[in-house]
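Just so you know, the sequences run in chain order A and B.
Okay, so the first sequence: first residue is 1 according to our numbering, each after it adds one.
Okay, so the second sequence: first residue is 180 according to our numbering, each after it adds one.
Please read the structure below before turning to the comments.
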Amino acid sequence: MATREHEHDLEALVLRLADGDRTAFEPLYQVLWPMARRLTDRMLLGAPEAEDAAQEAMIKVFARASMFEPGRDVRAWVLGVAAYECKTLRQRQLRRREHAGSTAPQVDPTPSPEAVAIARDLAAAAAAVLGTLRAADLETLRAVMNDERPDLPAPTFRKRLERALTRLRAAWSSRHDAE
Amino acid sequence: MTPSSDSAALRARARGAYERSRLGLGVRAALPVLPMAALSLLVCERPALTMASGGLLFVLAVALRARGGSCARALGPGLLAGSAPLILPLVLRASGHCCIGGACWSLCMLGCTLGGLLAGVAIGIAAAMERDQRGAFLLSATLVAGLAGVLGCAMAGASGIAGMAIAIAGASIPTAIAARARA
């Protein structure tokens with residue numbers, strides 16, 4: 001209900017601006033800017049170019065505001081423009097790389113702070129789950145990770161590995177899937 | 180650049196883009212003025228007056244459409260109403276009933292005045308239908324119709340233009356008041 005009311009207010013603001021009411025510019029800017037910024041941030045995974053894409057989207061939105069027709073979904077329209085800007089930005093970057101002589105996109109060898117944080121969180125979560133397993137299961141998993149073959153018949157080792165993996169999955173699910 | 184100045188710069192760019200698009204809409208909306216001025220230029224043989232009034236009408240049309248609101252809504256009815264004092268004197272002249280500088284001179288004047296009256300009534304009715312800012316609508320539409328009328332009444336001279344202008348102003352306000360009272 002509140003969302004529908006909010007949509008209605010948003011449409012009213014755009015329609016006022018489309019009619020030439022300049023007082024609607026500032027409140028509309030304050031609503032649309034964070035919306036465009038959030039979307040471009042998500043689409044470009046927090047890359048510095050996300051702000052550029054959001055800025056371009058805002059300029060296009062305001063340039064087309066006078067042509068806005070009643071009944072259109074303002075949110076969908078603005079997010080559509082922002083998504084298009086992200087796509088254009090990505091294509092431009094790809095073309096620039098290709099133009100520079102490299103066909104494959106170059107990957108930055110230094111991981112981003114976000115990637116480091118994600119890897120750290122994953123390692124901590126894995127360590128916490130592994131800590132709940134029995135010593136025999138841990139030994140079996142460690143052997144597989146290190147590509148070692150313990151002094152056991154192959155079918156026995158396969159059975160142990162299967163059991164260890166089942167327990168690992170169950171432990172992971174009980175700890176993380178419920179969240 | 181600090182975040183606040185960055186944000187202010189983006190606001191200014193967004194506002195600039197908005198204003199430019201309004202100007203573009205204004206230019207597009209003012210395009211019908213060009214054939215009107217061309218017709219006047221061809222028929223009235225008063226190039227200076229035609230160019231001046233046509234240029235003024237074009238600029239006014241762009242400004243009104245770019246401004247928006249009731250002023251922008253007045254542009255269409257103003258141009259439509261203004262086509263009466265634009266075409267009527269030209270038709271009278273083409274059908275041979277109006278000879279400039281001769282005895283038929285008054286017929287041309289009649290065309291201007293009659294066209295002005297028709298335009299005034301049409302503007303008055305349109306203004307009465309406007310929900311808000313009726314005064315701005317009436318003034319804008321009257322100015323547009325008046326300038327469009329000058330294009331047609333240029334051949335009738337100053338008296339023809341004056342007759343047309345008085346007729347528009349004299350008919351539009353009472354019609355708007357009467358139409359509003361009836362509604």
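Heads up, the beta-carbon is just placed ideally off N, CA and C, and yes, glycines get one too.
{"query": "Top-ranked residue by Cα proximity to A/Trp77, from A/Leu165, A/Lys60, A/Arg96 and A/Gln93", "result": "A/Lys60"}
{"query": "Inter-residue Cα distance where the pair is B/Leu265 and B/Arg252", "result": "21 Å"}
{"query": "Chain-ordered chain A contacts of B/Leu189 [CB-CB under 7 Å]", "result": "Gln55 and Met58"}
{"query": "N-terminal and C-terminal residue of the alpha helix (DSSP H) that A/Thr88 is part of", "result": "Val74 to His99"}
{"query": "Contact with chain B by A/Phe68, beta-carbon distance below 7 Å", "result": "no"}
{"query": "Chain B within 7 Å of A/Phe157, Cβ atoms only", "result": "no"}
{"query": "Span separating the alpha-carbon of B/Gly247 from that of A/Leu15", "result": "12 Å"}
{"query": "Beta carbon proximity, B/Ser319 to chain A, threshold 7 Å", "result": "no"}
{"query": "Segment contact, 8 Å Cβ cut-off, at least three pairs: the region 256-265 of chain B with the region 325-332 of chain B", "result": "yes"}
{"query": "Interface flag, B/Gly248 vs chain A, CB-CB below 7 Å", "result": "yes"}
{"query": "B/Leu289, buried or exposed, once every other Cβ within 10 Å from all chains shown has been counted against 16", "result": "buried"}
{"query": "Three-state secondary structure (DSSP) of B/Met180", "result": "Below a pLDDT of 50, predicted positions are generally treated as unreliable, and B/Met180, at 43, falls in that range; no measurement from the model is reported."}
{"query": "Three-state class that DSSP yields for B/Gln312 in the structure shown", "result": "coil"}
{"query": "Assigned exposure category for B/Leu210 - 16 Cβ within 10 Å defines buried", "result": "exposed"}
{"query": "DSSP-derived helix/strand/coil call for B/Arg207", "result": "helix"}
{"query": "Rounded Cβ spacing between A/Tyr29 and B/Ala193 (contact assumed at less than 8 Å)", "result": "6 Å"}
{"query": "Proximal residues of chain A, C-beta to C-beta of B/Leu433 below 7 Å", "result": "Because residue 433 of chain B is not part of the residues shown, which for chain B are 180 to 362, the question remains open."}
{"query": "Exposed unless 16 or more other CB atoms sit within 10 angstroms - verdict on B/Pro268", "result": "buried"}
{"query": "Chain-order list of residues whose beta-carbon lies under 6 Å from that of A/Thr132 (same chain, five-residue window excluded)", "result": "Ala171"}
{"query": "Of the residues A/Pro155, A/Leu161, A/Pro153 and A/Leu152, the one placed nearest A/Met145, counting alpha carbons only", "result": "A/Leu161"}
{"query": "Residue-chain proximity (B/Arg310, chain A), Cβ-Cβ < 7 Å", "result": "no"}
{"query": "Closest residue to A/Thr88 among A/Pro153, A/Thr166, A/Asp52 and A/Pro27 (Cα-Cα distance)", "result": "A/Asp52"}
{"query": "Integer-rounded CB distance, given that B/Leu202 should sit under 8 Å from B/Val241", "result": "7 Å"}
{"query": "Proximity test, Cβ basis, 7 Å: A/Gly20 and chain B", "result": "yes"}
{"query": "Buried or exposed (CB count within 10 angstroms, at least 16 for buried), B/Met334", "result": "buried"}
{"query": "Local conformation of A/Thr166 per DSSP, three classes", "result": "helix"}
{"query": "Cβ-Cβ separation, B/Ala355 to B/Leu317 (assumed contact under 8 Å), whole Å", "result": "6 Å"}
{"query": "DSSP three-state assignment for A/Asp9, whether helix, strand or coil", "result": "helix"}
{"query": "Beta-carbon gap between A/Val81 and A/Leu10 smaller than 7 Å", "result": "no"}
{"query": "Chain A contact for B/Arg201 (CB, 7 Å cutoff)", "result": "yes"}
{"query": "Outcome for A/Glu69 when other beta-carbon atoms lying within 10 angstroms are tallied against a minimum of 16", "result": "exposed"}
{"query": "Coarse secondary structure for A/Asp199, derived from DSSP in three states", "result": "Residue 199 of chain A lies beyond the stretch modelled for chain A, which goes from 1 to 179, so this question has no answer here."}
{"query": "Contact belief for A/Leu79 with A/Leu39 at Cβ below 8 Å, rounded distance in angstroms", "result": "5 Å"}
{"query": "Start-end ranges of the alpha helix (DSSP H) lying completely within the region 12-60 of chain A, minimum 4 residues", "result": "25-43"}
{"query": "Beta-carbon gap between A/Ala164 and A/Leu141 smaller than 7 Å", "result": "yes"}
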